[in-house]
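Chains as they are written, first to last, in my numbering: chain A, 1 to 115; chain B, 1 to 335.
Built from N, CA and C at the ideal position, the CB exists for glycine as well.
Here's the structure we're looking at; comments come further down.
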């Protein structure tokens with residue numbers, strides 16, 4: 001599940017910010033934030049299918065059970081679901097995070113090295 | 001505001017007369033409101049020209065942050081322990097002077113921006129020495145332990161430090177509208193893998209590159225004490241080394257400025273309670289968790305309408321970066 005605000009919420013606050021006054025010293029920073037918000041919104045609208053999340057829920061609960069993200073959170077906190085009960089859990093969680101990063105910051109998925 | 005402020009400062013600093021000649025708004029990040037005051041004092045113990053820092057209570061402070069009177073007490077405790085911090089000078093809890101309570105601190109020359117620090121050419125040569133200085137400063141801070149009458153407003157509870165922290169994070173996550181399975185998985189992992197030996201000290205709780213100032217490549221002072229707490233001292237070390245606070249210099253594990261060992265060596269040389277560098281991954285997971293929870297809380301301030309802000313709205317979108325760092329660390333510990 002992608003973090004909120006959703007794409008519409010991001011566009012809205014980006015447009016509000018663009019229309020408001022910015023101090024000269026912050027202009028570049030604010031412009032970069034606006035560009036980032038619009039780019040995230042665009043990527044999110046272009047690929048809304050959350051395949052990894054569904055795969056994780058199906059693996060744990062089976063198909064057609066209606067189990068959702070909040071239930072998984074509850075079960076992970078209580079210990080009902082863990083790596084002991086589902087050895088592939090960590091691998092699936094990594095896949096869901098990578099899917100979310102592909103929207104919020106694709107550059108983070110590219111190994112980055114600085115000499 | 002200037003006249004009321006002049007008058008209040010004149011009384012607080014026992015001056016015959018005092019004028020604020022210039023106010024410069026400083027970059028305080030998404031939460032804090034900081035200004036530099038250029039002041040001329042005539043008479044009394046502070047006679048002369050000064051530059052002071054004014055930290056004003058923000059309109060919607062981060063959950064868990066201290067009011068200004070407590071923040072000043074914590075800075076004083078750190079100062080008394082020999083930690084390089086801006087010297088605390090005065091407290092005003094009267095919201096009518098400038099619209100909110102504030103504290104006055106000695107102004108430190110230097111800069112604190114994380115990206116600027118890790119890219120500063122002097123860091124290649126001076127980074128290890130700087131990390132060692134930071135380790136020494138942390139060790140001095142961690143020499144402050146409970147019980148401490150001046151700090152009795154910081155609740156301790158009966159839990160061990162890691163249990164207490166996990167409970168606090170879960171309570172904070174429960175304030176949010178959405179649920180976060182990856183963070184729940186990691187919190188359960190932290191619960192099961194916590195070290196047997198733990199102890200409480202005063203911790204900064206946001207000790208990272210970006211929250212200290214440097215001047216000529218050397219440590220000038222530690223900033224931003226508003227969420228200091230009792231905790232295990234290794235929380236500060238882990239947070240400092242967490243990948244999310246290396247500003248892209250990921251191979252310099254100590255805050256993007258030096259190898260991890262430089263920080264730990266500086267720390268261990270200045271403490272009676274040396275810490276093992278081998279335990280660092282657990283505490284770096286704890287550190288990434290802290291920033292993930294803070295980032296979600298900051299986003300909540302925007303989402304709830306408490307403070308509409310593009311910067312706050314974007315902050316939750318960096319949480320998956322911490323989530324991946326934590327999961328990778330956990331996976332790495334299995335092999």
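Exercise for the section: Answer yes or no: do residue 270(B) and residue 136(B) have a C-beta to C-beta separation smaller than 7 Å? Expected result: For the purposes of this step, residue 270(B) is taken as residue 270 along the second chain, with counting starting at 1. For the purposes of this step, residue 136(B) is taken as residue 136 along the second chain, with counting starting at 1. Yes, the Cβ-Cβ distance between residue 270(B) and residue 136(B) is below 7 Å.
Problem - Chain-ordered neighbours of residue 70(A) on chain B, where CB pairs are closer than 7 Å - result: Taking the first chain and counting its residues from 1, one reaches residue 70(A) at position 70. Going along chain B in sequence order, the residues near residue 70(A) (Cβ under 7 Å) are 179.
Exercise for the section: Grab me the residues of residue 18(A)'s own chain with a C-beta within less than 6 Å of its C-beta, minus the 5 sequence neighbours each way, in chain order. Expected result: For the purposes of this step, residue 18(A) is taken as residue 18 along the first chain, with counting starting at 1. 34, listed in sequence order.
Handout entry: Where the segment 308-331 of chain B meets chain E: residues whose CB sits under 8 Å from a CB there
Key = The structure shown contains no chain E; its protein chains are A and B.
Practice task
Grab the span of the beta strand (DSSP E) containing residue 55(B) for me, first residue to last.
Solution key: On the second chain, residue 55(B) is found 55 positions in, with the first residue counted as 1. Looking at the DSSP string, the run of the beta strand (DSSP E) that includes residue 55(B) is 48-56.
Handout entry: Spatial distance of residue 83(B) from residue 330(B) (CA atoms)
Key = Counting from one through the second chain, the residue named residue 83(B) turns up at place 83. Counting from one through the second chain, the residue named residue 330(B) turns up at place 330. Computed Cα separation, rounded: 33 Å.
Problem - Any C-beta of chain B under 7 Å from that of residue 87(A) - result: Sequence index remark: in the first chain, residue 87(A) carries index 87 (1-based). Closer than 7 Å: no.
Problem - C-beta neighbour in chain A for residue 188(B), strict 7 Å - result: Translated into the one-based positions of the second chain, residue 188(B) becomes position 188. By this cut-off, residue 188(B) is an interface position.
Problem - Pair within 7 Å by beta-carbon distance, residue 295(B) and residue 320(B) - result: As a first step, residue 295(B) is located in the second chain; it is residue number 295 there, counting from the start. As a first step, residue 320(B) is located in the second chain; it is residue number 320 there, counting from the start. For residue 295(B) and residue 320(B), no; Cβs fall outside 7 Å.
Problem - Under the three-state DSSP convention, the category residue 231(B) falls into - result: Residue 231(B) sits at position 231 when you count from the first residue of the second chain. It is a strand residue.
Practice task
Pull up the DSSP beta-bridge partners for residue 20(B), would you.
Solution key: For the purposes of this step, residue 20(B) is taken as the residue at position 20 of the second chain. Answer is 39(B).
Problem - Contacts around residue 201(B), its chain only, beta-carbon distance under 6 Å, and the 5 residues preceding and following it disregarded - result: As a position in the second chain, residue 201(B) is number 201, starting the count at 1. Taken in chain order, the residues that qualify are 142, 145 and 233.
Problem - Residues near residue 114(A) by beta carbon distance below 7 Å, same chain, minus five either side - result: Within the first chain, numbered from 1, the residue matching residue 114(A) stands at position 114. Bear in mind that a pLDDT of 40 at residue 114(A), under 50, signals an unreliable position, so the model cannot answer this.
Practice task
Check whether the segment 87-95 of chain B touches the segment 184-192 of chain B, taking contact to mean three or more Cβ pairs, one atom from each stretch, closer than 8 Å.
Solution key: no
Handout entry: chain B within 7 Å of residue 37(A), Cβ atoms only
Key = In the first chain, residue 37(A) corresponds to position 37, counting from 1. Answer yes: the Cβ-Cβ gap between residue 37(A) and chain B drops below 7 Å somewhere.
Handout entry: Cβ of residue 63(A) within 7 Å of any chain B Cβ
Key = For this step, residue 63(A) is matched to residue 63 along the first chain. Not closer than 7 Å to any Cβ of chain B, the Cβ of residue 63(A) fails to qualify, so no.
Problem - Simplified DSSP state of residue 30(A), which is helix, strand or coil - result: Working through the first chain from its first residue, we reach residue 30(A) at position 30. If DSSP states are grouped into helix, strand and coil, residue 30(A) belongs with the helices.
Exercise for the section: Determine the direct distance from the alpha carbon of residue 27(A) to that of residue 253(B), and round the result to whole angstroms. Expected result: Indexing the second chain from 1 puts residue 253(B) at position 253. Indexing the first chain from 1 puts residue 27(A) at position 27. Cα to Cα, residue 253(B) sits roughly 32 Å from residue 27(A).
Practice task
Starting from the C-beta of residue 293(B), find all residues in its chain whose C-beta is less than 6 Å away, skip the five residues before and the five after it, and write them out in chain order.
Solution key: Residue mapping note: residue 293(B) aligns to position 293 of the second chain, counting from 1. Cβ within range, chain order: 169 and 172.
Exercise for the section: Within its chain, find whatever has a CB closer than 7 Å to the CB of residue 274(B); leave out the 5 residues flanking it on each side and keep chain order. Expected result: The residue given as residue 274(B) occupies position 274 in the second chain. Closer than 7 Å at Cβ, skipping near neighbours: 268.
Problem - Positions along the segment 157-180 of chain B whose CB lies within less than 8 Å of some CB in chain A - result: 170, 177, 178, 179 and 180
Exercise for the section: Report the option in 43(A), 3(A), 56(A) and 67(A) whose CA atom is closest to the CA atom of residue 103(A). Expected result: In the first chain, residue 103(A) corresponds to position 103, counting from 1. Residue 43(A) is the option with its Cα nearest to residue 103(A).
Problem - Close beta carbons around residue 115(B), own chain, < 7 Å, minus the five adjacent residues each side - result: Position 115 of the second chain, counted from the first residue, corresponds to residue 115(B). Closer than 7 Å at Cβ, skipping near neighbours: 247.
Handout entry: Cβ-based contacts, 8 Å cut-off: residues of the segment 75-95 of chain B near chain A
Key = none
Problem - Cβ shell of residue 260(B) (< 7 Å), same chain only, five flanking positions each side left out - result: Position 260 of the second chain, counted from the start, is the residue given in the question as residue 260(B). For residue 260(B), where only same-chain residues beyond five positions count, the Cβ hits under 7 Å are 241, 253, 254, 277 and 280.
Problem - Any C-beta of chain A under 7 Å from that of residue 185(B) - result: On the second chain, position 185 is the one that residue 185(B) refers to. With 7 Å as the cut-off, residue 185(B) counts as an interface residue toward chain A.
Practice task
Compare the C-alpha of residue 211(B) against each of 221(B), 178(B) and 203(B) and name the closest.
Solution key: Locating residue 211(B) in the second chain gives position 211, where the first residue counts as 1. Residue 211(B) has its Cα closest to that of 221(B), out of 221(B), 178(B) and 203(B).
Problem - Among 308(B), 323(B) and 265(B), the one whose alpha carbon lies nearest that of residue 130(B) - result: Counting from one through the second chain, the residue named residue 130(B) turns up at place 130. Nearest of 308(B), 323(B) and 265(B) to residue 130(B), Cα basis: 265(B).
Practice task
Flag this pair as touching only if the segment 296-307 of chain B and the segment 53-65 of chain B have three or more C-beta atom pairs under 8 Å; answer yes or no.
Solution key: yes
Exercise for the section: Determine the contact status of residue 68(B) and residue 33(B), defining contact as a CB-CB distance below 7 Å. Expected result: Taking the first residue of the second chain as position 1, residue 68(B) is located at position 68. Taking the first residue of the second chain as position 1, residue 33(B) is located at position 33. No, these two residues do not count as a Cβ contact at 7 Å.
Problem - Minimum length 4: unbroken alpha helix (DSSP H) runs contained in the segment 274-329 of chain B - result: 280-303 and 310-314
Exercise for the section: Give a yes or no on whether 7 Å exceeds the smallest Cβ distance from residue 219(B) to chain A. Expected result: Position 219 of the second chain, counted from the first residue, corresponds to residue 219(B). Residue 219(B) does not count as touching chain A.
Problem - For residue 221(B), the first and last residue of its enclosing beta strand (DSSP E) - result: Your numbering for residue 221(B) matches position 221 in the second chain. 218-222 is the extent of the beta strand (DSSP E) around residue 221(B).
Handout entry: Proximity to residue 195(B) [Cα-Cα], best of 217(B), 167(B) and 162(B)
Key = Taking the second chain and counting its residues from 1, the one referred to as residue 195(B) is at position 195. Here the closest residue by C-alpha is 162(B).
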